[in-house]
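What follows is a set of notes on a single structure, which appears directly below.
Residue numbers (our numbering): 2 to 302.
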């Protein structure tokens, strides 16, 4: 009597990989000490706190921070608008070092496909830039509940009015500012805390296709995405915002600048709450075009 062959169970290997710096952080997470709210805390405890403090919700489900609490954080009497010819993470680092009193936030807007890469592989272009400076991958690797929530949301193909957003707000990410070779060798490792706000966008039509086939509708979708970005940032009290001029969302520079101006600079309530908006790009053409476009909008207000 012949024996039935046992079916081999397919092994599923985790694709979420740490780079060398994140491996170092994980290995020394209990030994690395940072300052948080003026108190010493281990990197492991700081990472665990961030995981617990993360919120993930559609825009409509966010419990907004009261305007009075946000206003207290504002340190500039008039909102600062800046455009940087630099990588967004470098801009974040630069402002975090110059303005210790203002917690900086990187606003990362991604498509559904990019969101899958972030949660399945631990990277996209901006996240990758953060890997050698922060503990972001230690945090992302622990966000299983949020990951499942986002994947379930993405599977639902119903999209209200063509475009909608899910907001993952990650507070108090540790941005290391010292010599990486000496990490954990000091009593307190030099660092600052920053926020990472990831806006996952779901659309009923491909944005890349709309660019070519229906530019007017594309601009309308981008306008609503920017409106969501502003609303989410204000709701979370993220008033020092760093925005990457991503070609996926910034195909029409003038329209993009118009929308950001409409919902922040020219918006009476929001303009009083935002402390600074910093736009960054490594494209010289986009840098020049956007600088001129946003300057024109400021001058007309």
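Note that CB positions come from ideal geometry on N, CA and C, so glycine has one too.
Taking C-beta separations shorter than 6 Å and ignoring five residues to either side along the sequence, the partners of residue 242 in its chain run 106, 108, 234, 278, following chain order.
Secondary structure at residue 83: strand, using DSSP grouped into helix, strand and coil. Positions of the beta strand (DSSP E) runs, each at least 3 residues long and wholly inside the segment 7 to 81, are given as 34 to 37, 40 to 43, 56 to 59 in order along the chain. For residue 198, the uninterrupted beta strand (DSSP E) run begins and ends at 192 to 204, by DSSP.
If you look at residue 129, you'll find it in the alpha helix (DSSP H) that goes 126 to 132.
If you ignore the 5 residues before and after residue 204, its C-beta comes within less than 7 Å of the C-beta of 160, 163, 164, 222, all in its own chain and listed in chain order. For residue 98, the uninterrupted alpha helix (DSSP H) segment begins and ends at 89 to 99. With a cut-off of 8 Å on Cβ pairs, the segment 131 to 139 is in contact with the segment 173 to 180, counting three or more such pairs. Note: residue 241 is bridge-paired with 277 in the DSSP secondary-structure output.
Excluding residues up to 5 positions away in sequence, 60, 166 lie with their Cβ nearer than 6 Å to the Cβ of residue 229 in the same chain. Per the Cβ contact rule, the segment 274 to 294 is in contact with the segment 87 to 104 (3 or more Cβ pairs under 8 Å). Fewer than three pairs of CB atoms, one per stretch, sit closer than 8 Å, so the segment 255 to 265 makes no contact with the segment 48 to 63. The three-state secondary structure of residue 136, taken from DSSP, is coil. Of all C-beta pairs linking the segment 142 to 160 to the segment 176 to 190, fewer than three are shorter than 8 Å, placing the two stretches out of contact. Counting the other Cβ atoms within 10 Å of the Cβ of residue 239 gives 16 or more, which makes it buried. Between residue 196 and residue 231, the C-beta spacing is not below 8 Å.
For residue 99, the closest C-alpha among the options 285, 192, 33, 47 is that of 192.
Following the DSSP letters along the chain, one finds residue 170 in no alpha helix (DSSP H) but inside the beta strand (DSSP E) bounded by residues 164 to 177. Going by DSSP, residue 208 is part of no beta strand (DSSP E) but of the alpha helix (DSSP H) stretching over 208 to 214.
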